[in-house]
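Comments concern the structure below.
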Amino acid sequence: MLRISLALAALLVIAVAPFVVTDPYFQQVMVIFGIYAIFAVALDILFGFLGVHSFGHAAFFGGGAYVCGILMETYGVSFGLALVAATLFSAVLGFLIAIPALRMRGIYFAITTLFCAEVVRLVVTNVPDVTRGVMGLTTPMPSFPGVPYGYETAVFYYITFAILVLACLLLERFRVSPLGRSFIAIRENEQLAASVGVPVFRIKFYAFGVSGGLAGLAGAIYAPFIGIISPDLLSPTYSAMGMLMVVVGGFGTIYGAIFGAFMFSVVTEFFRAAAELRMIIFSGILIVAIIFMPRGVLTPLVEYLRRPSGKDKAGLVTRDEAA
Amino acid sequence: MELDIFLQQLLNGLTIGVGYALVAGGLAAIFGIMRIVNFAHGEFFMIGGYALYYAMAVLGLPYFAAGPLAVLAVVAVGYLVQRLTIEPLMEADPLNTLLVTFALSLFIFHSVVVVAGSSGRNIDTPFEDVITLGNVILTEQKLFVMLGGLLILGALAVFLAYTPIGKQMRATAENRYAATILGIDVRRVDRFTFGLGIGLAAVAGVLIAPITPLVPAVGASYTLKAFAVIVLGGMGSIPGAIIAGTGLGLVEALTAGYLSSAWKDGVAFVVLITVLLTRPTGLLGKGGAH
Amino acid sequence: MTHLFQAFDITKRFGGLVALDKTSFHVDEGEILGLIGPNGAGKSTCFNVVTGTLRPTSGRIELMGQDITDAPPFVTARLGMARTFQHTTVFPQLTVRENIEAACYLRAKAGLAPALLRTPGYRADQASLDAAVDVILRTVDLKQVEGSRAKGLPYGYLRRLGIGIALGTDPVLLLMDEPAAGLNPTESLEYAKLARRLRDSGITIVIVEHDMKVIMNLCDRIVVLNYGKKIAEGRPDEIRSNPLVIESYLGKSRDETEADHA
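If you read the sequences in order, they're chains W, P and B.
Read in order, the letters of the first sequence are residues 1 to 323 in this note's numbering.
Read in order, the letters of the second sequence are residues 1 to 290 in this note's numbering.
Read in order, the letters of the third sequence are residues 1 to 262 in this note's numbering.
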């Protein structure tokens with residue numbers, strides 16, 4: 001019951017937020033938060049749930065952004081269609097990268113994903129006829145029929161959060177389903193998971209597509225919202241940004257990924273004067289978090305809050321989730 | 001004429017290749033001995049260049065004084081980094097060191113951007129003259145890079161072969177557990193190894209910075225190249241890294257000369273992914289980590 | 001008559017070393033077969049080849065008449081062959097119940113879409129899965145700790161959980177790798193009881209074991225390996241009096257170093 005009330009409360013907050021926060025700048029920050037949260041949740045599918053540590057997720061985020069940007073700017077495709085195309089593109093890119101990467105283990109896997117992302121960045125940088133190269137690609141603000149001028153941010157907000165809520169709902173349902181349990185089984189012990197019949201490679205392969213597609217969708221909203229994108233979007237900085245959100249929030253929990261995105265987008269806005277210091281502060285936080293709180297900031301806290309109800313109670317909570 | 005172009009590219013490639021060999025040699029040492037993957041490795045190359053720049057431009061030191069000072073400063077930073085962030089994680093899940101060095105690379109990169117800006121810096125050295133051999137042009141600094149680099153690599157080989165700490169490093173690389181039983185202070189070896197690896201990257205930075213546009217992003221680029229090199233050379237093999245590093249420099253220069261300079265960075269990636277797929281233990285190495 | 005499981009002339013070489021040399025054996029439905037041998041006899045290699053973890057250099061393996069020689073573990077599991085691991089191999093961060101749930105992958109019938117849409121079919125599937133998990137938890141006597149995280153459990157519990165995980169696949173044939181290793185005498189007895197119960201419920205069992213006492217009291221039939229070769233096969237009393245077996249066990253210290261390389 002607690003979970004349902006919390007979820008309803010969160011939905012209510014999301015629904016009314018644009019009416020409470022009317023400052024256009026903060027509305028933009030909220031949209032960025034939502035976009036980052038989708039990206040973080042996408043990465044967490046691999047990182048947290050499956051134990052597959054992709055170091056090149058910027059390729060999907062940036063790839064989605066570029067596909068959306070190019071389709072809208074150069075070919076005049078509508079925003080909705082561009083979103084779908086970008087998602088599909090990034091999903092296919094996910095499958096393509098998964099093929100070599102999943103044959104590697106450990107650090108080789110990390111290096112391969114990092115390098116695949118670099119290849120994508122190199123291509124985007126070096127085909128200026130299509131992508132405008134390092135100059136950056138401007139992306140037009142989509143036209144939303146019936147929306148008066150000045151309310152585009154609000155539309156972006158609801159689109160972003162609708163996708164985020166839907167993604168979280170589906171992921172949570174997936175997590176407690178038998179298939180989701182086998183995901184976590186792979187993370188916990190791959191050999192044992194295979195011994196009980198879990199097709200490890202196939203699941204990782206599909207997960208790459210889903211995670212890549214979702215990250216691409218986040219990038220596809222980002223491009224027209226920000227208005228201009230550059231190959232920097234494909235750099236390791238953005239891959240690290242995703243990991244940072246997932247790690248700071250805590251692996252393998254949806255709320256952790258969202259919390260990480262919140263920290264990264266909203267909380268840093270309070271240090272707006274020190275905008276340039278943002279990455280320094282956050283990479284510093286990441287370093288400290290890994291050394292002192294390898295399970296994230298939020299996860300130990302949540303477990304602490306659940307603890308008073310006792311061991312067996314914890315088991316019952318799990319069964320509630322499963323039902 | 002054809003031959004001249006070829007020779008010119010060969011020389012350019014050798015110069016950059018020596019830089020790669022130094023950076024990747026350090027990375028290979030760190031991986032081979034400590035079994036950690038240092039994603040921040042190229043950043044130390046980059047801050048080596050910036051330390052050189054500031055020592056010359058702000059302190060007014062000549063190149064030969066500023067160079068060693070820059071290397072020492074970077075090694076000091078590297079030592080601190082190792083003690084504060086890597087040593088506490090040596091027993092933890094390898095993913096943690098992977099993440100920490102990844103975060104470190106961003107930390108260093110963005111710190112340099114804030115301090116020095118993202119525009120390029122030029123460094124003048126005493127070797128500004130140009131040597132011409134027929135139609136082939138060679139700047140003195142390039143010659144200095146090649147000779148200096150080879151000297152340092154030679155010294156490294158002697159060091160690893162004959163000094164006690166060098167022998168301890170090789171023993172630790174061979175079998176970490178056995179090394180502890182033999183009474184080797186593995187922690188000390190780790191600290192030394194990290195310092196040495198960072199030192200090699202910083203030396204490369206001091207040598208290469210004057211002949212390349214020095215921008216903060218050069219660090220990440222060198223990290224990626226160094227990874228390609230150590231994968232090629234067999235993870236953790238220092239001689240492998242040196243050969244593969246020089247080779248990569250040559251192939252890149254020839255690609256730039258005959259195909260396109262915009263795509264030369266792709267060579268490393270293509271080579272790396274191909275090697276990983278076909279020979280995961282490297283072209284030269286006999287075995288790496290599993 | 002066809003056997004439930006058959007291995008024909010399986011050989012496994014590691015470089016120049018022959019760990020398993022043309023070994024053949026079979027398992028009949030409803031029996032408990034023991035696979036024994038001194039240290040380094042090739043038991044573990046045999047186990048890993050049979051379960052698909054290692055591929056044999058040559059030879060053929062059949063399960064219910066189907067060739068599974070090159071089948072990876074997730075396929076052999078699907079065909080009804082489950083295994084336990086030598087040490088305490090569980091999903092450490094999950095609760096006991098979640099461990100079993102995760103192992104019930106093959107029992108789940110509803111696909112992805114029904115799970116996401118929460119269709120009535122999915123709910124029914126979930127209910128039957130829940131019931132199956134309860135049965136397994138009671139079988140391995142872990143119902144009382146179902147909510148505890150696997151990580152901190154005592155050793156004996158973890159061994160039982162390992163068996164519970166294998167049962168999650170609803171196996172026809174269950175192979176256990178040194179199930180009694182590290183158990184105290186009471187736990188060993190309980191383990192033997194559990195194994196008989198499982199056999200009575202229709203699961204054929206193969207046990208690879210070092211401990212002769214457990215094997216002799218539990219198994220219907222025994223296959224003895226030494227130096228990668230089958231040296232004897234028969235009922236426990238036959239094996240007990242077989243001179244080759246006695247020699248291989250008594251004479252083992254002489255060749256221990258050599259055999260340890262396997």
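For every residue, glycine included, the Cβ atom is placed at its ideal position computed from N, Cα and C.
Quick check on the burial criterion: 16 or more other C-beta atoms within 10 angstroms. Buried or exposed for W:Lys204?
Answer is buried; the Cβ neighbour count reaches 16.
If you follow the beta strand (DSSP E) that B:Asn226 is in, where does it begin and where does it stop?
221-226
Is it the case that the Cβ atoms of W:Phe115 and P:Ile273 are separated by a distance below 8 Å?
P:Ile273 sits close to W:Phe115, with the two beta carbons spaced by under 8 Å.
Ignoring anything shorter than 3 residues, give me the beta strand (DSSP E) runs that lie fully in the segment 159-225 of chain W, in order along the chain.
none
Look at the alpha carbon of P:Thr15 and the alpha carbon of P:Ser118, and state the distance between them as a whole number of angstroms.
25 Å
Identify every run of the alpha helix (DSSP H) within the segment 60-88 of chain B, keeping only runs that are complete inside it and at least 4 residues long; order them along the chain.
Within the segment 60-88 of chain B, the runs of alpha helix (DSSP H) that reach at least 4 residues and sit entirely inside it are, in chain order, 73-78.
Status (buried if at least 16 other CB within 10 Å, exposed otherwise) for W:Ile35
Buried, by the Cβ-count rule.
If we define contact as Cβ-Cβ less than 8 Å, is W:Gly197 a contact residue for chain B?
yes
Where in the segment 175-250 of chain B do unbroken runs of the beta strand (DSSP E), each at least 3 residues long, occur, reported from the N-terminal end onward?
204-208, 221-226, 229-234
Can you have a look at P:Asn96 and say buried or exposed, based on whether 16 or more other CB atoms are within 10 angstroms of its CB?
By the neighbour-count rule (16 or more Cβ atoms within 10 Å), P:Asn96 is buried.
Top-ranked residue by Cα proximity to P:Tyr54, from P:His41, P:Phe39, P:Asn38, P:Val71
P:Val71
In chain W, what lies closer than 8 Å to B:Thr45 by C-beta?
Near B:Thr45 there are no residues of chain W at all, since even the closest Cβ is about 16 Å away, more than 8 Å.
Is there a Cβ from chain B that is less than 8 Å from the Cβ of W:Arg105?
no
Cross-chain neighbours of W:Val200 in chain B, by beta carbon under 8 Å
Phe74
Among all the DSSP beta bridges, which residues are the ones paired with W:Ile228?
Per DSSP, the beta-bridge partners of W:Ile228 are W:Thr138.
Local conformation of B:Leu54 per DSSP, three classes
coil
Please classify W:Phe49 as buried or exposed, where buried requires at least 16 neighbouring CB atoms within 10 angstroms.
When all chains shown are included, W:Phe49 counts as buried.
Near B:Arg56, what residues of its chain come up, given a Cβ to Cβ distance below 7 Å and the 5 sequence neighbours on each side ignored?
Reading the sequence as shown, one finds Pro at residue 56 of chain B and not Arg. Within the same chain, Cβ atoms closer than 7 Å to the Cβ of B:Pro56 are found at Ile10, Thr11, Lys12, Val49, Thr69, the five residues on either side in sequence being excluded.
Would you list, in chain order, the members of the segment 85-103 of chain W that have their beta-carbon closer than 8 Å to a beta-carbon of chain P?
Within the segment 85-103 of chain W, the qualifying residues are Pro100, Arg103.
Got a sec? Which residues, its chain only, sit under 7 Å from B:Tyr249 by beta carbon, not counting five neighbours each side?
Pro38
May I ask you to report which of helix, strand or coil DSSP gives P:Arg121?
DSSP places P:Arg121 in the strand class (E or B) of the three-state scheme.
Does the beta-carbon of P:Tyr162 have 16 or more other beta-carbons within 10 angstroms, so that it is buried, or is it exposed?
exposed
Inter-residue Cα distance where the pair is P:Ala28 and P:Asn38:
10 Å
Using a C-beta cutoff of 8 Å, does W:Arg181 count as contacting chain B?
yes
Using a Cβ-Cβ distance under 8 Å, would P:Ile273 count as near chain W?
yes
Short CB-CB distance (under 8 Å) between P:Leu277 and chain W:
yes
Using the beta-carbon count (16 or more within 10 Å), is B:Ser241 buried or exposed?
exposed
Presumed contact (8 Å Cβ cut-off) between P:Leu80 and W:Ile287, rounded CB distance
The Cβ separation is near 12 Å, so there is no contact.
Would P:Leu160 pass as a contact of P:Ala171 if the rule is Cβ separation under 8 Å?
No, the Cβ-Cβ distance between P:Leu160 and P:Ala171 is not below 8 Å.
Counting contacts by CB-CB distance shorter than 8 Å, is B:Pro154 in contact with chain W?
no
Considering only C-alpha positions, which residue in the set B:Tyr155, B:Cys46, B:Leu106, B:Phe85 is nearest to B:Val224?
B:Cys46
State the Cα-Cα distance for the pair B:Gly164 and W:Tyr238, rounded to the nearest angstrom.
43 Å
Listed by chain order, chain B residues near W:Ile184 by CB distance under 9 Å
Phe91, Gln93, Leu94, Glu98, Ala102
Taking C-alpha atoms, which residue in P:Ala244, P:Val113, P:Leu248, P:Leu153 lies nearest to P:Gln9?
P:Leu248
Could you give the distance in angstroms between the alpha-carbon of B:Gly65 and the alpha-carbon of B:Met176?
22 Å
Got a sec: is the Cβ-Cβ distance from B:Arg138 to anything in chain W below 8 Å?
No, B:Arg138 lies away from the interface with chain W (no Cβ there is under 8 Å from its Cβ).
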